[in-house]
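Asker: If you read the protein sequences in the order shown, they are chains A and B.
So that you can map any letter, position 162 of the first sequence is 162 in this note's numbering, and since no number is skipped, the others follow by simple counting.
Heads up, this note's numbering is the position in the second sequence plus 437, with the first residue counted as 1.
Idealized CB from N, CA, C, for every residue including glycine.
Here the structure is a predicted model, which means the values were calculated and not measured.
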Amino acid sequence: MELKEKLVSSFMAFEDMVDVDSPVHDIRTEAIKHFENVGFPTKRQEAWKYTSLNSVLKHDYSVFPKHEDALEFRDVKKYFIHDIDSYKIVFIDGKYSSHLSQTTHDGIDVCLMSAALTKPKYRLVIENYFNKIASKDSLSSLNTAFSAEGAYIHIPKNKLVEKPIQILHFSTGNEAALMLQPRNLVVVGENSHVQIIERHQSLTDNPVLTNSVTEIFTNKRAIVDYYKIQNDRETASLIDNTFINQKQESIAKVHTFSFGGKITRNNLNFYQNGERIDSTMKGITIIGNKQHVDHNTLVHHIEPNCESHQDYKGIFGDSATGVFNGKVLVEKEAQKTDAFQANNNILLSDKASINTKPQLEIFADDVKCSHGCTIGQLDESAMFYLRSRGIPEKEARGLLMFAFSNNVLDSVKIPELKNRITKLIASKLGVNIGFDL
Amino acid sequence: MLKINNLHASVEDKAILRGINLEVKPGEVHAIMGPNGSGKSTLASVIAGKEEYEVEEGEILLEGENIDELAAEERAHKGVFLSFQYPVEIPGVSVTNFMKTAINETRKAKGLEDMPANEMLKMIREKSELLEIDRKFLSRSLNEGFSGGEKKRNEIFQMAMLEPKLAILDETDSGLDIDALRIVANGVNKLKSKDNAVIVITHYQRLLDYIVPDYVHVLLDGKIVKSGSAALAHELEAKGYDWIKEEVNA
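(1) Exposed or buried, B/ALA675, counting other C-beta atoms within 10 Å across all chains shown (16 or more means buried)?
(2) Output, in sequence order along the chain, the residues in the region 501-519 of chain B whose CB is closer than 9 Å to any CB in chain A.
(3) In whole angstroms, what is the alpha-carbon distance linking B/LEU575 and B/SER531?
(4) What residue ranges within the region 243-285 of chain A form continuous alpha helix (DSSP H) runs of no fewer than 4 residues, ordered along the chain?
(5) Does the beta carbon of B/VAL621 sit closer than 8 Å to a beta carbon anywhere in chain A?
(6) With 16 as the cutoff for other CB atoms within 10 Å, does A/VAL20 come out buried or exposed?
(7) Output the distance between the C-alpha atoms of B/ASN686 and B/VAL662, rounded to the nearest integer angstrom.
(8) Between A/ASP338 and A/GLU36, what straight-line distance do the alpha-carbon atoms span, to the nearest angstrom?
(9) Residue range of the alpha helix (DSSP H) that B/LYS477 falls in?
(10) Taking only beta-carbon positions, decide if B/LYS451 is within less than 8 Å of chain A.
(11) With distance defined between alpha-carbon atoms, name the residue in B/GLU494, B/GLY529, B/GLU460 and B/LEU549 nearest to A/LYS418.
(12) Among A/GLY173, A/GLU149, A/ILE133 and A/GLY430, which one has its Cα closest to the Cα of A/LEU71?
(13) Tell me the rounded alpha-carbon separation between B/ALA468 and B/GLU526.
(14) DSSP three-state label for A/SER171, please.
(15) Output yes or no for whether 8 Å exceeds the beta carbon distance between B/LEU439 and B/ALA481.
(16) With a threshold of 16 other CB atoms inside 10 Å of the CB of A/ASP436, please say whether the residue is buried or exposed.
(17) By Cβ distance, which residues of its chain are closer than 7 Å to B/LEU567, with the 5 residues on each side in sequence left out?
(18) Chain B beta carbons: is any one of them nearer than 8 Å to that of A/LEU238?
(19) Residues of chain A with CB closer than 9 Å to the CB of B/ALA634, please, in chain order.
(20) Since A/LYS228 and A/SER250 are thought to touch, with beta carbons under 8 Å apart, how far apart are those beta carbons, to the nearest angstrom?
(21) Where does A/HIS105 land, buried or exposed, given buried means 16+ other C-beta within 10 angstroms?
(22) Which value, in whole angstroms, describes the spacing of the CA atoms of A/ILE346 and A/ILE375?
(23) Give me, in chain order, the residues of the same chain whose beta-carbon lies closer than 7 Å to that of A/ASP205; leave out the 5 immediate sequence neighbours on both sides.
(24) What are the residues in the region 388-402 of chain A lying within 9 Å of chain B by C-beta distance?
(25) Mind checking which residues open and close the beta strand (DSSP E) that includes B/PRO528?
(26) Just tell me which of B/GLU465, B/SER475 and B/TYR490 has its CA closest to the CA of B/ASP450.
(27) Just by C-beta distance, which residues in the region 371-387 of chain A are closer than 8 Å to chain B?
(28) Per DSSP, B/LEU670 forms a beta bridge with which residues?
(29) Identify, in the order they occur along the chain, each residue of the same chain with its Cβ nearer than 7 Å to the Cβ of A/GLN248, setting aside the five sequence neighbours on each side.
(30) Starting from A/ASP311, trace the beta strand (DSSP E) in both directions and tell me its first and last residue.
(31) What are the residues in the region 591-603 of chain B lying within 8 Å of chain A by C-beta distance?
(32) Rounded to whole angstroms, what's the CA-CA distance from A/ALA31 to B/PRO524? Just pull it up for me.
(33) When the Cβ atoms of the region 3-12 of chain A are set against those of the region 100-116 of chain A, are three or more pairs found closer than 8 Å?
(34) Please confirm whether B/ARG572 and B/SER565 have their CB atoms less than 8 Å apart.
(35) Under the criterion of a Cβ to heavy atom distance below 7 Å, does A/GLU68 qualify as lining the ligand NAP?
(36) Would B/PHE521 count as contacting chain A if we go by Cβ distances under 8 Å?
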């Protein structure tokens, strides 16, 4: 049976597990109908022209894993940013692991979507926010149809959440092939600040397909720093659909570190509903072999005096392929918009490739919008400079690639995370950079 | 120290050096002067091992060993240092970390352990004082946003740290104001010893007032056409290069 048919037919089984009388279920029912109509995206669609899902859709995925598995913290510690105090929401094969998690209801809610979708005290927030900005495309609809579990984060106004929140999804390989569809909701009240780190990690080489949807709402003057660590095995694929709705003077920054996985697709969408909003997207992609990373971004400038900044760096080796498709849409009312977009890439091999496509649609007449993309090899004169100082070729290459990608880390505010990412970059580049940073 | 015999080099099939002969002994300072396009920077790059240049003929001997086939880093490990005319900016790598990497890679090549951190710090402190470099400067990204003078001073700081046997200063005076020139020259003079040698490549005699050469060579169309004492530099400053061209063509 094809995956689409399997998913559609398993919706009935899914209905036995959830409350079919809740208003959320009407949304799910609507969504599965939509998915049934449109199916999975294909390369015939413009937005998927350079990314084919065929190779990941062919597996016979378990949609509802039956086995329960426990993991010991010591075995998965390395996937956490473990040297900081943090809240943790951890899932094993899609199921919540209370053992590895540290949630809270103390002034803020850092807990589970399953609780938020079923308990009366969350009903109002769910009514106001759930599925309000997720787009109605096929993959987001598919996630909406099966939305039941994930992270639920609600920060009331005027809270500075000092501890970062880590969301981790482990897949254990207990199923021959596993499909996961986590659904996250993040609501940040006026003047509040929260930092979130998200990671998906497969622990075996059994195929995993994750189709995740995250909705983030930043109210007035709220600040959200969201970090995505994508360093999975080459049998794990991720489709990340993230939607951020910003109110006036809020700041949302999303950093995406894509260092591994079979196919990684990041659909990252910002909607600016207010003035003086700042939206920032930064990414470092370092991949090799036959890995594929696709960044598909949208910034919708709706109101005046807002900014958006995009800075994506990519290093592609072997037969790795990359896509950057960045759309900036500036509405007629969005005067004085300041939108910047950069996508710079280094290809380390003749077989590696990147398709980069900036799209600017500007309907306002008083704006500052710029974009630039580069694709190149390492600068030979810089190589000579380093080597003339006694730094061997391999280390010199590593140092230059590190320098190339490094400025993306300037805005990472958690030192331990920055340190970890720096080390990941060094190991991905196969060099010992020879010093602590 | 350095002996160059009948060196011919080209880039993309274009001959640039057409038979250079040069001998530099320990303790000596040689100046190489010449008009634009005469091959001065090419000579510096060929000695340091830049791969784009093809050595067609001749040999470069460092302490009697032919270094033609050695990679740039191997030449550096043997004590060759090139101060760049246009130092490259490396964002995200501080001056200090860059020097640590360079020194420890050189030590590794010689089979030595990494330099202990306290020793490294002491050395950095001493050498930065020599070049009148502010400590804050050392934590900045290498050459990024540096002024012309800062870049050149940083080059000589690196030279001081790496303690080369043969230092080649490629137009180190260009872009320097008189104070920076004095600091750079003073640094070079303090690093000079009977065991090392310096080749100064320059357009102008100005730097040679501070770093006084034992020999001055004039490079023209890829050949050394005239050699002399420091007085030759003064003559060139006063009369330009045309009289030499005429002499060569006569």
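Answerer: So, to answer that:
(1) Exposed, because fewer than 16 other Cβ atoms sit within 10 Å of the Cβ of B/ALA675.
(2) The region 501-519 of chain B vs chain A, Cβ under 9 Å: ALA508, ALA509, GLU510, GLU511, ARG512, ALA513, HIS514, VAL517, PHE518 and LEU519.
(3) In a straight line, the C-alpha of B/LEU575 is about 7 Å away from that of B/SER531.
(4) With a minimum length of 4 residues, no continuous alpha helix (DSSP H) run stays inside the region 243-285 of chain A.
(5) So, not an interface residue.
(6) So A/VAL20 ends up on the exposed side.
(7) The straight-line gap from Cα to Cα measures roughly 11 Å.
(8) Approximately 40 Å, taken between the alpha carbons.
(9) From DSSP, the alpha helix (DSSP H) with B/LYS477 extends over 477-485.
(10) For B/LYS451, the answer is no, since every Cβ of chain A falls outside 8 Å of its Cβ.
(11) Selected option, being the one with the closest Cα: B/GLY529.
(12) The residue among A/GLY173, A/GLU149, A/ILE133 and A/GLY430 with its C-alpha nearest the C-alpha of A/LEU71 is A/GLY173.
(13) When only Cα atoms are considered, B/ALA468 and B/GLU526 end up about 27 Å apart.
(14) A/SER171: strand per DSSP, three-state reduction.
(15) Against a cut-off of 8 Å, the Cβ pair of B/ALA481 and B/LEU439 comes out as no contact.
(16) Residue confidence is low: A/ASP436 scores 49 on pLDDT, short of 50, so the model does not pin down where it sits. Its coordinate-derived value is still stated next. Burial call: exposed.
(17) Closer than 7 Å at Cβ, skipping near neighbours: ALA597, GLY624 and LYS627.
(18) No - not a single Cβ of chain B is within 8 Å of the one on A/LEU238.
(19) Going along chain A, no residue has its Cβ under 9 Å from B/ALA634, so there is no contact; the nearest lies around 17 Å.
(20) Not confirmed; about 19 Å, so no contact.
(21) A/HIS105 comes out exposed.
(22) Cα-Cα distance, rounded: 6 Å.
(23) Same-chain partners within the cutoff: ARG233 and THR235.
(24) Taking 9 Å as the Cβ-Cβ cut-off, the region 388-402 of chain A approaches chain B at SER388, ARG389, GLY390, ILE391, PRO392, GLU393, GLU395, ALA396, LEU399, LEU400 and PHE402, given in chain order.
(25) Run containing B/PRO528: 527-531, per the beta strand (DSSP E) assignment.
(26) Checking every option, the nearest Cα to that of B/ASP450 belongs to B/TYR490.
(27) When CB distances to chain B are screened at a threshold of 8 Å, the residues of the region 371-387 of chain A falling below it are ASP379, GLU380, SER381, ALA382, PHE384, TYR385, LEU386 and ARG387, in chain order.
(28) Here residue 670 of chain B is Ala; the residue named in the question, Leu, does not match the sequence. The beta-bridge partner set that DSSP reports for B/ALA670 is empty.
(29) Cβ contact annotation for A/GLN248 (same chain, cutoff 7 Å, sequence separation greater than five): LYS220, GLY274, GLU275, ARG276 and ILE277, in chain order.
(30) In this chain, the beta strand (DSSP E) harbouring A/ASP311 covers 307-316.
(31) Per Cβ criterion, the list reads GLN595 and LEU599.
(32) In this structure, the CA atom of A/ALA31 is about 58 Å from the CA atom of B/PRO524.
(33) Contact fails between the region 3-12 of chain A and the region 100-116 of chain A, because fewer than three Cβ pairs, one in each stretch, are under 8 Å apart.
(34) Yes, the Cβ-Cβ distance between B/ARG572 and B/SER565 is below 8 Å.
(35) Summarising the ligand content, the structure contains no ligands, and the ligand NAP is consequently not present.
(36) Residue contact with chain A for B/PHE521: present (Cβ-Cβ distance below 8 Å to some residue of chain A).
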